[in-house]
Amino acid sequence: KRPAGAPDRDLAKPVRKVGVIGAGLMASQFALLFARKLRVPVLITDLDQARVDKGLSYIGGEIDKMEQKGRLSSDDANQVRALVSGTTDKTLYADCDWVIEAVFEELSVKQQVFAEIEPIISPEAVIATNTSSLSVEQIGAQLTHPERLVGFHFFNPVAVMPLIEVVKAPSTDDPTLATAMAIAKKLGKSAVITADRPGFVVNRLLAKVMGEAARALDEGTPMPVVERALAPIGLPMGPFELIDLVGWKVAAHVQDTMVSAFPERFYASENLHRLAEVDEPLTKSKHGKVEDLSKAGKKAVVL
Ligand code: 3HC
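Residue numbers for the sequence shown follow full-length UniProt numbering, so the first one is 328 and each next one is one higher.
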């Protein structure tokens, strides 16, 4: 059955090579997923070779783990390793059919990245943004062909979270949307098509949860208490552990976008922004990030 709002799947374009712009944690996670599930070459780039190498090393480590756990046979692991490469040379995107960015969550940065690659890629290539809350239409405003831009919003951890929000901007055409839906399916994710509105669907709710947890902090309830108080309500992890997972800067950006779009409905937390400047994991996490509430957090937050 065709998902709500999805165009005819025959309109999907073939994807023989993927380009990933950015080699941060999110980009590296989905670069690996593309290689594993689409089994096509995946090229990642970033501003400098050190960033690219960090991304490649994360991907290599994850492939090793999957091989050790028997989730990838050694033939498959070798095949996936060989499919992922990294460079700082964006001209190598020329033969990519699908290029997706996960660079800094700032409108002007995303616009600039696409302005740079549009003359390089083929006119047929589809481009996607993994923005967590910015307007896809505005990101594509300076493109010569905005109709081939679509939002493709992954959730962290990419390997595990089952959903992708496919964001249809007013200009997104049907072949672009069909290509995004076909890719999501090949990745083994369920995809929903959302309107191009701030926070799409999921981050509207998450920004509420994170914002209210941060409000409790601003009002003087210590972070571990907020975290513990919310543990029994059925969330898979506490709100601050979740912020640690997505990153404080990302969480603060989502919050900013929501506050400026809907000032009467979302809460701007001073502590959230102070902690985003520190940008370090702060919770005691069973997922292995830190042992205890960090000194950085204690400096920034009145606990
Ligand atoms: N990378 C890869 N795999 C991971 C992982 C990671 N970072 N973290 C966990 N996993 C895998 C584990 O290997 C394990 O796989 P297995 O069962 O095959 O061995 C599986 O996930 C379950 O992990 P655990 O047993 O360690 O832990 P949990 O059962 O507690 O689940 C969780 C971990 C899936 C992360 C769960 O806590 C969860 O769903 N948390 C909420 C995550 C969430 O809401 N994400 C959305 C964030 S919002 C976002 O990303 C959007 C952005 O725009 C802000």
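Glycine included, C-beta positions come from ideal geometry on N, C-alpha and C.
- The beta carbon of Met488 sits closer than 6 Å to the beta carbons of Phe482 from its chain, once the five residues preceding and following it are set aside; these are given in chain order.
- Scanning the region 464-541 for uninterrupted alpha helix (DSSP H) segments of 4 residues or longer gives 501-513, listed from N- to C-terminal end.
- For Ser401, DSSP records no beta bridge to any residue.
- Annotated as proximal: Ile520 and Ala333, with beta-carbon spacing under 9 Å.
- In the DSSP assignment, Gly388 falls within the unbroken alpha helix (DSSP H) covering 376-395.
- Closest in C-alpha terms to Glu568, from the list Phe589, Phe593, Ala541, Thr584, comes Ala541.
- Phe593 has its CB no nearer than 8 Å to any heavy atom of the ligand 3HC.
- Chain-ordered, the residues whose CB falls short of 5 Å from any heavy atom of the ligand 3HC come out as Ser459, Phe482, Asn483, Pro484, Ala486, Val487, Pro563, Met564, Val573.
- Note on the region 413-453: whole alpha helix (DSSP H) runs with a minimum of 4 residues are 434-444, in chain order.
- Between Glu464 and Ala496 a beta carbon distance of about 4 Å is seen, short of the 8 Å cut, so the two are scored as contacting.
- The alpha-carbon separation between Met585 and Asp501 amounts to approximately 28 Å.
- Apart from sequence neighbours up to five positions away, the residues of its chain that approach Ala543 with a beta-carbon distance below 7 Å are Val553, ordered along the chain.
- In this structure, Ile371 and Gly413 form a Cβ contact; the two beta carbons are roughly 5 Å apart against a cut-off of 8 Å.
- In this structure, DSSP gives Ala339 a state outside helix and strand, which the three-state scheme calls coil.
- In the three-state DSSP reduction, Val367 falls in the coil class, being neither helix nor strand.
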